[in-house]
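Asks:
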Amino acid sequence: MSYVAPLKDMLFNIEHLARIDQVAQMPGFEDAGLETAQAVLEECAKLNQDVIAPLNWEGDKNPSAFANGAVKTTPGFKEAFKQYGEGGWQGLQHPTDFGGQGLPKTIGAACGEMLNSANMSFALCPLLTDGAIEALLTAGSDDLKNIYLEKLISGEWTGTMNLTEPQAGSDLALVRTRAEPLPDGTYKVFGTKIYITYGEHDMADNIVHLVLARVQGAPEGVKGISLFVVPKFMVKADGSLGNRNDVHCVSIEHKMGIKASPTAVLQYGDNGVAIGFLVGEENRGL
Ligand SMILES: Cc1cc2nc3c(=O)[nH]c(=O)nc-3n(C[C@H](O)[C@H](O)[C@H](O)COP(=O)(O)OP(=O)(O)OC[C@H]3O[C@@H](n4cnc5c(N)ncnc54)[C@H](O)[C@@H]3O)c2cc1C
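Taken in order, the sequence shown gives residues 1001 to 1286; the numbers are from our numbering.
1. Just to confirm before moving on: does the CB-CB distance between Y1198 and S1261 stay below 8 Å?
2. Spatial neighbours of D1021 within its chain, please: CB distance less than 8 Å, with the 5 preceding and 5 following residues excluded, ordered by chain position.
3. Measuring only the C-alpha atoms, how far is I1196 from V1250?
4. Whole-angstrom Cβ separation of A1179 and F1228, contact assumed at under 8 Å?
5. Since I believe F1190 is in contact with G1100 (beta carbons under 8 Å), could you give me their beta-carbon distance rounded to a whole number of angstroms?
6. Are the CB atoms of D1202 and T1073 nearer to each other than 8 Å?
7. Just curious, the beta strand (DSSP E) that I1258 is in, first and last residue?
8. Is it a yes or a no for the region 1143 to 1160 touching the region 1076 to 1089, going by three-plus beta-carbon pairs under 8 Å?
9. So, with DSSP's three-state summary, where would you put A1067?
10. Can you tell me whether E1079 is buried or exposed? The criterion is at least 16 other CB atoms within 10 Å of its CB, across all chains shown.
11. State yes or no: is the C-beta of D1238 nearer than 7 Å to some heavy atom of ligand 1?
12. Mind checking who V1293 pairs with in its DSSP beta bridge?
13. Considering only residues of the same chain and omitting the five flanking positions on each side of A1173, which have a CB-CB separation below 7 Å?
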C-alpha cells in the first residue's frame, strides 16, 4: 500500500495552530521557522513515501524472526534504518550538544506522524530510541549522557524501555527484577522482562536497555523501583564496544499486527552477570 504524506494539512497546522513563527522566537529555535519546517517535512515525506512505506507490506510477509538467541528483522529494515540515522532523522528533535539537529518538537511530531503512518512496525524502533534519549537527558549522569547519547542520536545504537514482567503489566508495583550493588558502583541485574519492543534486533551495533528494577532493601511498591541502563554490549572507555553483557533474548511474540517489530522476552543475569548503571529512582518523576 502506498503512503502520501498530508503535507499541506501538516504545514497549515504548523503555521496557524502551532504558530511556528512564535516557536522560532524561542532561544535555540531561531532557524526553525516555517521555511525550515517546510523543507524538513518535504524531505521527510520523500523518505517515508519512497523508502519506509514500501517496507510495510514486506514486514507482514516476512516478520522479524528469532533463532539461536538472535533476531533477524524484515529484509530492508536494516538498510532503511541506516539511511534514517545517517539522514539525521533520529536526532531531529534532540540537542545539538550530542549531535542532534535541535529542532522543535512541533516539527519532530509531524515527522513522527509520517513515520508511524508509513510503517508502524519500523517506527517503533526510533520511537523507543527517542524515549531512551529523553530519559537519559532528563535523569542521566554526565557520564551516562557522554557514553550513550551521541550513538543513540546518530542511530548507530537503539534504545528500549523494560518495564513489563510476566506478573507486572499495568501494575508496575509488582516489578521483581532486582539489582544488587557492586563495589565499583555498578549493579548486577537479575530478572525477566516481557513484551520488550525491539529488545533484540540486527539493525544497530548496540542496544541500550532502560530497565526498571528494585535495589536490594528498597521499599515495596513503585517507590522502591529504580531505573538502570543495561547495554547489550559493554562500552569501553574510548567509546568502542566491549564484552557482550548478560542480557539475552529468549523468544519474540507471534503477533496479529506490527509483525515486523520484534517484541522480545529478555532474560537478565542468567548466564553470568548483567551489568547495569543506575539512572535514577523512578519516584523522582520519570
Ligand atoms: C506490542 C506490544 C509492545 C509492547 N512493548 C513494550 C515495551 O517496549 N516495554 C515494556 O515494558 N512493555 C511493553 N509492552 C507491554 C505493555 O506495556 C503491557 O502489555 C501493558 O502495560 C499491560 O500489561 P498486561 O499486558 O500485563 O495487561 P494487564 O495489566 O494484565 O491488563 C489486562 C487488562 O486489565 C485491565 N486492567 C489492568 N489493571 C486494571 C485496573 N486496576 N483497573 C481496571 N482495569 C485494569 C487492562 O486495561 C487490560 O484491559 C508491550 C505490549 C505490547 C502488546
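We put the beta carbon where it would ideally sit given N, CA and C, even for glycine.
Replies: On the basis of the data shown:
1. Against the sequence shown, residue 1198 aligns to sequence position 198. Against the sequence shown, residue 1261 aligns to sequence position 261. Closer than 8 Å, so yes.
2. The residue you call residue 1021 lines up with position 21 of the sequence shown. Excluding residues within five positions, the ones whose Cβ falls inside 8 Å are E1015, G1033, L1034.
3. Residue numbering aside, residue 1196 sits at position 196 when the sequence shown is read from its first letter. Residue numbering aside, residue 1250 sits at position 250 when the sequence shown is read from its first letter. Cα-Cα distance, rounded: 11 Å.
4. Position 179 of the sequence shown, counting from 1, holds the residue named residue 1179. Position 228 of the sequence shown, counting from 1, holds the residue named residue 1228. For a cut-off of 8 Å, the C-beta gap from A1179 to F1228 is around 6 Å, short enough to register as a contact.
5. What you label residue 1100 is simply residue 100 of the sequence shown in a count that begins at 1. What you label residue 1190 is simply residue 190 of the sequence shown in a count that begins at 1. The Cβ separation is near 34 Å, so there is no contact.
6. Indexing the sequence shown from 1 puts residue 1202 at position 202. Indexing the sequence shown from 1 puts residue 1073 at position 73. Yes.
7. Counting from one through the sequence shown, the residue named residue 1258 turns up at place 258. Taken as a continuous stretch (DSSP letters only), I1258 belongs to no beta strand (DSSP E), as it is neither H nor E.
8. Below 8 Å, enough C-beta pairs join the region 1143 to 1160 and the region 1076 to 1089 to call them touching: three or more.
9. Position 67 of the sequence shown, counted from the first residue, corresponds to residue 1067. Here A1067 sits in strand by DSSP.
10. Along the sequence shown, one-based indexing puts residue 1079 at 79. Result: exposed.
11. Residue numbering aside, residue 1238 sits at position 238 when the sequence shown is read from its first letter. Result no, Cβ not under 7 Å from ligand 1.
12. Within the shown structure, residues of the chain are numbered from 1001 to 1286, placing residue 1293 beyond reach of any answer.
13. Residue mapping note: residue 1173 aligns to position 173 of the sequence shown, counting from 1. So the list reads G1221, V1222, once near-sequence residues are dropped.
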